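Counting in numbering that gives the first Met the number 0, the sequence shown runs from 0 upward without gaps.
All residues carry an ideal CB built from backbone N, CA and C; glycine is no exception.
In this text, all values refer to a predicted model and were calculated from it rather than measured experimentally.
See structure below.
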Amino acid sequence: MEVINYKIKLDIDFAGKKYTGTENVKIKEADKKVTFDLDKIDVHEIKINGSSVKYVVTEDSVSFSTNGGDISVDVKFSSDNSRGLKGFYVAGNDKEYILSTQFEESDARRAFPCIDNPSYKATFDITMVIDSDLQAISNMPVKSETIENDKKVVEFDQTPRMATYLVYLGVGHFDEMEDEYRGKKIFLTAMKGHLTGSKYPIETAKKSLNYLETYTGIDYMIPKLNLISVPEFAAGAMENWGAITFREILLNIDRSTTSRSYKRTAEVITHELVHMWFGDLVTMKWWNDLWLNESFATFFAFKTVDSTNPDWKFFGDFLLDQTDGAYTMDALKNSHPINADVSDPRSISQLSYEIRYGKGSNVLRMIEAYVGNDVFMKAMRNYLKEFSYSNASGSDLWNAIEKESGKGISAIMEQWISQKGYPYLQRKD
């Protein structure tokens, strides 16, 4: 079964912090039973190929029977905007807020019914109906804006094939600073009254995009880029394709900003931009390989910032920030393999940052040193080209490096990622 497209329309009651929605989901070669994930969403009707069908709702899903084949599923639903920091949530206080999303790892289901699994990539056509004085942001540029019944209907261009957790929805009163990179607009976006005057985040993004395009041989894929400052945000940042979200403090650069904070902002912005290739363009098949996303983003963020700001000697911080923490964590009994078993994506938060980000990025650094910089770069280009707009596993990565280098990478690396702790050498006289 393959999900082809989601066509989602949300009618948003901004003041009431709730919304109603309709979606049309195109599915190829549907299973006899189809299950959509959901969380705190009320389903009102489901149609298959235009005819209403019975459906079964549980706490975390809605399922229905089909005759198989290619089908078109229409769903009517409604929900409240979350008061937590997951799903389609309220960011701010009762008087001053925006609506924003945080879907990784598995919270797109809090916004709309979907198959919330990274291997079920699809294109998305997003439409938001909002009050006429508000603005809406999503992954893609605005296709059209019209007024219907005193509300603004904002339709966005169709996304590339991508995972559900990368969808972004933003609604509110925003201030923006605008620039351009190779014909594509870059926006620094913040809640109204919260935007500082510095273009440093945009300039950082432009330099990093240039490095990453050159290294990968693949141009940035989305026609625009929003760097969005969110007033309440649990993560440091999130790589929604074309609409990256950040904690406000990371993008609020002014005269009081320290040199250390400048470097941290550059690192985080670049980390998320690396994800546009490693994570968004090529996505892990399942969450046990989340380290593929985060290890690449961590390793290449340091490489990129080191190249774009050579006077910082930034890669020297890699040993302090990533290597030391990984060694310390991996020496403990409660450590776990890089490729940890994940049966439920909700358990990912229990996994160690030092292992997923730190140890994983050090393993990539080790491989690069083993095969050589040029060979590693060619292997990365081949890997990205082969799995673009699709999914990959750790073994796919090793095979790409092995093919380019002629060295037996797979057997070596499977041990590094499937076991916790350090390998040891035993001398036998």
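Per DSSP, the continuous alpha helix (DSSP H) segment holding isoleucine 411 begins and ends at 408-417. For threonine 307, same chain residues with a beta-carbon under 7 Å away, outside a window of 5 residues either side, are Lys206, Ser207 and Tyr210 in chain order. Note that the C-beta distance between leucine 363 and phenylalanine 295 is below 8 Å. Per DSSP, reduced to three states, the secondary structure at asparagine 225 is strand. In the three-state reduction of the DSSP assignment, arginine 246 falls in the strand class. Just measuring C-alpha positions, the residue of Lys198, Thr34, Gly235 and Ile129 sitting nearest lysine 8 is Ile129.
With respect to the 8 Å criterion, valine 152 and threonine 126 are classified as neighbours on the basis of their beta carbons.
Closest by C-alpha distance to glycine 420, out of Ala368, Gly407, Gly359 and Phe386, is Gly359. The residue among Glu154, Tyr5 and Pro140 with its C-alpha nearest the C-alpha of isoleucine 146 is Glu154. Within its own chain, the residues whose Cβ lies closer than 6 Å to the Cβ of isoleucine 45, once the five positions on either side in sequence are excluded, are Val52, Tyr54, Phe63 and Val74, listed in chain order. Residue state for threonine 282 is assigned as strand, using DSSP reduced to three classes. In this structure, tryptophan 276 and leucine 383 form a Cβ contact; the two beta carbons are roughly 6 Å apart against a cut-off of 8 Å. DSSP, read as helix, strand or coil, puts lysine 262 in helix. Residue ranges of uninterrupted beta strand (DSSP E) with 3 or more members, entirely inside the segment 370-405 and ordered along the chain, are 389-391.
In the three-state reduction of the DSSP assignment, serine 306 falls in the helix class, which pools H, G and I. Counting along the chain, the unbroken beta strand (DSSP E) around asparagine 4 starts and ends at 1-12. Closest in C-alpha terms to serine 228, from the list Ile221, Ala242 and Glu104, comes Ala242. Between the segment 220-227 and the segment 75-90, the count of C-beta pairs closer than 8 Å stays below three; the two stretches do not touch.
Cβ contact annotation for phenylalanine 299 (same chain, cutoff 6 Å, sequence separation greater than five): Val273, in chain order. Here DSSP, grouped into helix, strand and coil, assigns tyrosine 167 to coil.
Straight through space, the alpha carbons of proline 117 and arginine 160 are spaced by roughly 11 Å. For asparagine 23, the enclosing beta strand (DSSP E) stretches over residues 17-29.
Non-local beta-carbon contacts of glutamate 271 in its own chain, meaning distances under 7 Å to residues more than five positions away in sequence, involve Ala236, Glu238 and Ile243 in chain order.
C-alpha of threonine 297 to C-alpha of lysine 262: approximately 14 Å in a straight line. Burial check for arginine 108: the Cβ neighbour count within 10 Å reaches 16 or more, so the residue is buried. In this structure, lysine 183 and glutamate 177 do not form a Cβ contact; the two beta carbons are roughly 11 Å apart against a cut-off of 8 Å. Spatial neighbours of aspartate 340 in its own chain (CB-CB distance under 7 Å, excluding positions within 5 residues in sequence) are listed in chain order as Asn287.
Across the set Glu212, Ser77, Val33 and Glu104, the C-alpha of Glu212 shows the shortest separation from the C-alpha of methionine 376. Distance from the CA of serine 260 to the CA of threonine 122, rounded to the nearest whole angstrom, comes to 37 Å. Taking a 10 Å sphere around the C-beta of leucine 318, we find fewer than 16 other C-beta atoms and assign the residue as exposed. According to the DSSP assignment, threonine 257 belongs to no alpha helix (DSSP H), since it is labelled neither H nor E. Looking at the backbone, the Cα of glutamine 134 and that of tyrosine 369 are separated by about 50 Å. With fewer than 16 other beta carbons inside 10 angstroms of its own, leucine 424 counts as exposed.
Secondary structure note for leucine 208: its alpha helix (DSSP H) is the uninterrupted segment 199-215. Aspartate 149 and tryptophan 415 have their alpha carbons spaced roughly 59 Å apart. Listed in chain order, the non-local C-beta contacts of glycine 407 below 8 Å within the same chain comprise Glu401, local neighbours out to five positions each way being set aside.
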